[in-house]
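Worksheet: one structure, shown below.
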Amino acid sequence: SKMETIEISIGNEENFHKAIDILYENVHWFNAYNDFNMYTKAFSYGYKFMIAKNRNNGEFIGSVSIVLHDDGIAFIDQFFVLPQFRGFGIGRQLFEAIFDERIKSQYNVGLHSELAISDYYNKKHGFSHFNEVFIDVIHITGIMKCVPENKKFRTTTNAAEALNDVFEVDSRIWNKSRKNFLTQWTQRTDGKFLAVYRDDEMLGYGVIRPASCKNGYLFGPIYAFDEEVFVTIFDGLIEQQQLENDATIEIRSPSTNSSRLYRLLDHRATLNNYIADMITHNFAQCGRAFCVIF
Numbered sequence: 061s062k063m064e065t066i067e068i069s070i071g072n073e074e075n076f077h078k079a080i081d082i083l084y085e086n087v088h089w090f091n092a093y094n095d096f097n098m099y100t101k102a103f104s105y106g107y108k109f110m111i112a113k114n115r116n117n118g119e120f121i122g123s124v125s126i127v128l129h130d131d132g133i134a135f136i137d138q139f140f141v142l143p144q145f146r147g148f149g150i151g152r153q154l155f156e157a158i159f160d161e162r163i164k165s166q167y168n169v170g171l172h173s174e175l176a177i178s179d180y181y182n183k184k185h186g187f188s189h190f191n192e193v194f195i196d197v198i199h200i201t202g203i204m205k206c207v208p209e210n211k212k213f214r215t216t217t218n219a220a221e222a223l224n225d226v227f228e229v230d231s232r233i234w235n236k237s238r239k240n241f242l243t244q245w246t247q248r249t250d251g252k253f254l255a256v257y258r259d260d261e262m263l264g265y266g267v268i269r270p271a272s273c274k275n276g277y278l279f280g281p282i283y284a285f286d287e288e289v290f291v292t293i294f295d296g297l298i299e300q301q302q303l304e305n306d307a308t309i310e311i312r313s314p315s316t317n318s319s320r321l322y323r324l325l326d327h328r329a330t331l332n333n334y335i336a337d338m339i340t341h342n343f344a345q346c347g348r349a350f351c352v353i354f
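All residue numbers for the sequence shown refer to my numbering, where the first residue is 61 and numbers rise by one.
Encoded structure:
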């Protein structure tokens, strides 16, 4: 049987790169190669990336990852099984390898699910709490270069200097500290960071990083406490990253914010709503931020 030739094991960086290339080829999901190192550094015990492979020839069959945050929230990502290997219980084995009874009891576990398979997560894995807010995955193309001209704000690209303010902004949105994660994420070598201040108060920050696919970028997280701040972060990061003309940026936003995003970026870019995902637990504490993106 197919199951007998399949081995499920902890994946390394090379496996991660392979997995996200296959994810992009098959379902056009944007991921960043460097996320593996970033998560490994930020969560020494709390990051696990698993793969299913053919034990005879090492061929990739599927993957899944989990990140355990200090505040009792966990997030599952990169869950994928090649279409020709579905229906044999491989996905279930992979999923259970990271989502065991301890995780179920100790963590509020979330994932973004395509609507078509959200029922699967509910029935098979007990993801019964569906947020009433959808997460929109928006792809932004045709990006215009706009020079940030907002005199009310000052911006900084120095993440190390801004770190304590980042922690303070984050604590308004999340209940517990995410210092390790934020320290690594805002200073990642493959990304660019920008924070916006009025006088000495940080009003928001954002990070952009390259995706594994050609000219693809991931924008997040972005926290902005009003629309002007969001636009200042967006324009500032575009300028810093010096994007190619044919770049595509992926941004994830609660669907309640999407119409505002479309309006704000109307003269700056073309927005294509790529797929509406669900999140399986309530991020009610994120309500105050204009834009919450994973």
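Beta carbons are placed, not taken as given, at the ideal position from N, Cα and C, and that holds for glycine.
- Closest by C-alpha distance to TRP89, out of PHE139, ARG214 and GLN144, is PHE139.
- Counting C-beta pairs closer than 8 Å gives fewer than three between the segment 310–317 and the segment 202–213, which falls short of the contact rule.
- Annotation: HIS88 is outside any beta strand (DSSP E) and is labelled neither H nor E by DSSP.
- HIS327 has its alpha-carbon roughly 48 Å from the corresponding atom of ILE68.
- Contact annotation: ASN275 and GLU304 have beta-carbon atoms nearer than 8 Å.
- Minimum Cα-Cα distance from THR65 among the listed residues TRP234, ILE150, VAL87 and ASP295 corresponds to ILE150.
- Between the C-alpha atoms of ASN240 and ALA102 there is a straight-line separation of about 5 Å.
- According to DSSP, residue pairing for TYR107 in a beta bridge involves VAL127.
- Assignment of GLU304 by DSSP, reduced to helix, strand and coil, places it in the coil class.
- In this structure, the straight-line span from the alpha carbon of ASP259 to that of PHE213 is close to 8 Å.
- Our two residues, ALA219 and ARG152, have alpha carbons roughly 40 Å apart in a direct line.
- Fully enclosed beta strand (DSSP E) runs of no fewer than 3 residues occupy 252–258 of the segment 234–268, in order along the chain.
- Rounded to the nearest angstrom, the Cβ distance from VAL289 to VAL256 is 5 Å, consistent with a contact under 8 Å.
- Annotated three-state conformation of LYS212 is coil, per DSSP.
- Assignment of alpha helix (DSSP H) within the segment 271–306, counting only whole runs of 4 or more residues, yields 287–301 in chain order.
- Ranking TYR322, LYS236 and THR216 by CA distance to the CA of GLU299 puts THR216 first.
- From the listed residues GLY280, GLN301, TYR277 and LEU263, the smallest Cα separation to ASP286 is found for LEU263.
- Assigned with DSSP and collapsed to three states, LEU325 falls in coil, not helix or strand.
- Between PHE96 and the set ARG248, GLY132 and ASN168, the nearest pair of CA atoms involves ARG248.
- By the neighbour-count criterion, in which 16 or more other beta carbons inside 10 Å mark a residue as buried, ILE126 falls on the buried side.
- Out of TYR322, ALA134, TRP234 and ILE200, the CA that lies nearest to the CA of TYR99 is found in ALA134.
- From the listed residues LYS113, ASN117, VAL169 and LEU321, the smallest Cα separation to LEU142 is found for LYS113.
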